Amino acid sequence: MTDPLIIAGKSYNSRLLTGTGKYKDLEETRLATEASGAEIITVAIRRTNIGQKPGEPNVLDVLPPSKYTLLPNTAGCYNVDDAVRTCRLARELLGGHDLVKLEVLGDEKTLFPDVTATLEAARILVKDGFKVMVYTNDDPIMAKRLEEIGCVAVMPLAAPIGSGLGIRNPYNILTIIENAKVPILVDAGVGTASDAAIAMELGCDGILMNTAIACAKNPVLMASAMNKAVQAGREAFLAGRVPRKRFASASSPIDGLFF
Amino acid sequence: MNIVLNGEPRTLPGGTLLAQLIHELGLEGKRLAVEINREIIPRSLYAQTGVKDGDRIEILHAIGGG
Chain A
0 MTDPLIIAGK SYNSRLLTGT GKYKDLEETR LATEASGAEI ITVAIRRTNI GQKPGEPNVL
60 DVLPPSKYTL LPNTAGCYNV DDAVRTCRLA RELLGGHDLV KLEVLGDEKT LFPDVTATLE
120 AARILVKDGF KVMVYTNDDP IMAKRLEEIG CVAVMPLAAP IGSGLGIRNP YNILTIIENA
180 KVPILVDAGV GTASDAAIAM ELGCDGILMN TAIACAKNPV LMASAMNKAV QAGREAFLAG
240 RVPRKRFASA SSPIDGLFF
Chain B
0 MNIVLNGEPR TLPGGTLLAQ LIHELGLEGK RLAVEINREI IPRSLYAQTG VKDGDRIEIL
60 HAIGGG
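These protein sequence lines are chains A and B, in that order. Residue 4 in numbering that gives the first Met the number 0 sits at position 5 of the first sequence, and the numbers go up by one each step. Residue 43 in numbering that gives the first Met the number 0 sits at position 44 of the second sequence, and the numbers go up by one each step.
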């Protein structure tokens, strides 16, 4: 069955997007990313370590842009200027690559998005030619506004970043999905495979996760589990689940009973 | 001359080109983005961009992140 995820006109087979932070080393990053089946992976933009082992391999050496679609993020940005500046630097770094993950954070404790700053930064970036996948909260109105100004994907949180609390507000996520004409991806909050399946069963177009894989006891095995959970959840969504009923409904026919 | 490189003070010989600085840091050929005084310098201009006294230079790369 071909059921591609289409983002900014490009088709992807995998609906699981992964982050590349918090791993033990680059080899674990590479193995977990491969096991996840992800085709789109996020990276952060930071200062080079001047004078410290310039020959040391970089994340792009083990996860090359020839093999993966890189999604530079604006993690750590708490205002519009820093976020826009980071995206422009990422575009230069990746030779004109214009797909970015925008997040403008509002608070260090919750890492909840500053939605007014997010909206303002998204406007600037869209006008500047970026294809913006935007991290936001689970507010259907804000999700719609971000779509209207030209974001190519809207990515509501399911729970705070790195919390592993799962899908805390499935009805809002559902409303966001029902209202949307662009892909909706759950970004943040997934803790284990069942959370990923629940998000996909709601009808999400995809999931972006990092901590749930990288901080599992066995990240490579969890990456494989997430890969399957996202696929299972997607297939269950497309298949259409049975309605919930309060009482039993026998699976074997009554006709032909011989007693 | 004195510059600030990635937030740290540094002394360079006068007339240093950006490409020379990157070479001396062992970063030649790496995937980088460079800003001088908040202005992005495209890779194609490294060889013709002179570093000036007081410049604030940022040399950035991609790392793992979520």
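Glycine residues also receive a C-beta, built at the ideal position from the N, C-alpha and C atoms. Computed from a prediction, not measured in an experiment: that's the story for all the values here.
Exercise for the section: Mind listing the chain B neighbours of I6(A)? Cutoff is C-beta to C-beta under 9 Å, in chain order. Expected result: Your numbering for residue 6(A) matches position 7 in the first sequence. Near I6(A) there are no residues of chain B at all, since even the closest Cβ is about 18 Å away, more than 9 Å.
Practice task
Give a yes or no on whether the minimum CB-CB distance between P41(B) and chain A is below 8 Å.
Solution key: In the second sequence, counting from the first residue as 1, residue 41(B) sits at position 42. Yes, contact with chain A.
Practice task
List the endpoints of the continuous alpha helix (DSSP H) containing G232(A).
Solution key: Your numbering for residue 232(A) matches position 233 in the first sequence. Taken as a continuous stretch (DSSP letters only), the alpha helix (DSSP H) holding G232(A) covers P218 to A238.
Handout entry: Residues near S10(A) by beta carbon distance below 8 Å, same chain, minus five either side
Key = For this step, residue 10(A) is matched to residue 11 along the first sequence. If we look at S10(A) and ignore the five residues flanking it on each side, its Cβ neighbours are P3 and L4.
Practice task
Quick one: give me the first and last residue of the beta strand (DSSP E) that T41(A) is part of.
Solution key: Translated into positions along the first sequence, residue 41(A) becomes position 42. Taken as a continuous stretch (DSSP letters only), the beta strand (DSSP E) holding T41(A) covers I39 to R46.
Practice task
Identify the contact partners of N36(B) in chain A, using a Cβ-Cβ distance below 9 Å as the criterion.
Solution key: Locating residue 36(B) in the second sequence gives position 37, counting from the first residue. The premise fails here: N36(B) is roughly 13 Å from chain A at the closest Cβ pair, so nothing lies under 9 Å.
Problem - Closest Cα partner of L44(B) within the set N36(B), M0(B), L4(B) and L16(B) - result: Position 45 of the second sequence, counted from the first residue, corresponds to residue 44(B). Minimum Cα distance to L44(B) is reached at L16(B).
Practice task
Quick one: list the residues of chain B neighbouring T41(A), beta-carbon separation under 8 Å, in chain order.
Solution key: For the purposes of this step, residue 41(A) is taken as the residue at position 42 of the first sequence. The contacting residues are G64 and G65.
Problem - For E66(B), the nearest candidate out of E27(B), G64(B), E34(B) and A46(B) (CA to CA) - result: Any property of residue 66(B) remains undetermined from this structure, which presents chain B solely from 0 to 65.
Problem - Neighbourhood of F187(A) by C-beta distance below 6 Å, restricted to the same chain and skipping five residues each side - result: Mapped onto the first sequence, residue 187(A) falls at position 188. Note that residue 187(A) is Ala in the sequence shown here, rather than Phe. Counting only Cβ-Cβ distances below 6 Å, and skipping sequence neighbours, we find L156 and I160.
Problem - Same chain, Cβ closer than 8 Å to E112(A), five either side skipped, listed in chain order - result: Residue numbering aside, residue 112(A) sits at position 113 when the first sequence is read from its first letter. The question names Glu, but residue 112(A) in the sequence shown is Pro. Cβ neighbours of P112(A) beyond the five flanking positions: E102, V103, L104, G105, Y134, T135, N136 and L156.
Exercise for the section: Tell me whether A31(A) is buried or exposed, calling it buried when 16 or more other Cβ atoms sit within 10 Å of its Cβ. Expected result: On the first sequence, position 32 is the one that residue 31(A) refers to. Buried.
Exercise for the section: Taking C86(A) and T73(A) to be in contact with their CB atoms under 8 Å, please state how far apart those CB atoms are, rounded to whole angstroms. Expected result: For the purposes of this step, residue 86(A) is taken as the residue at position 87 of the first sequence. For the purposes of this step, residue 73(A) is taken as the residue at position 74 of the first sequence. Correct: roughly 6 Å between the Cβ atoms.
Practice task
For chain B, find out if any of its Cβ atoms is closer than 8 Å to the Cβ of N279(A); answer yes or no.
Solution key: Given that chain A is displayed from residue 0 to residue 258, the structure contains no residue 279(A) and the question cannot be resolved.
Handout entry: V99(A) beta carbon less than 8 Å from that of L59(A)
Key = Within the first sequence, residue 59(A) is the residue found at index 60, counting from 1. Within the first sequence, residue 99(A) is the residue found at index 100, counting from 1. Cβ distance not < 8 Å, so L59(A) and V99(A) don't count as in contact.
Handout entry: 3 or more residues per run - each beta strand (DSSP E) lying fully within the region 53-116 of chain A
Key = 68-71 and 98-101
Problem - Distance, S13(A) Cα to A34(A) Cα - result: The sequence position of residue 34(A) within the first sequence is 35, counting from 1. The sequence position of residue 13(A) within the first sequence is 14, counting from 1. Roughly 12 Å separates the two Cα atoms.
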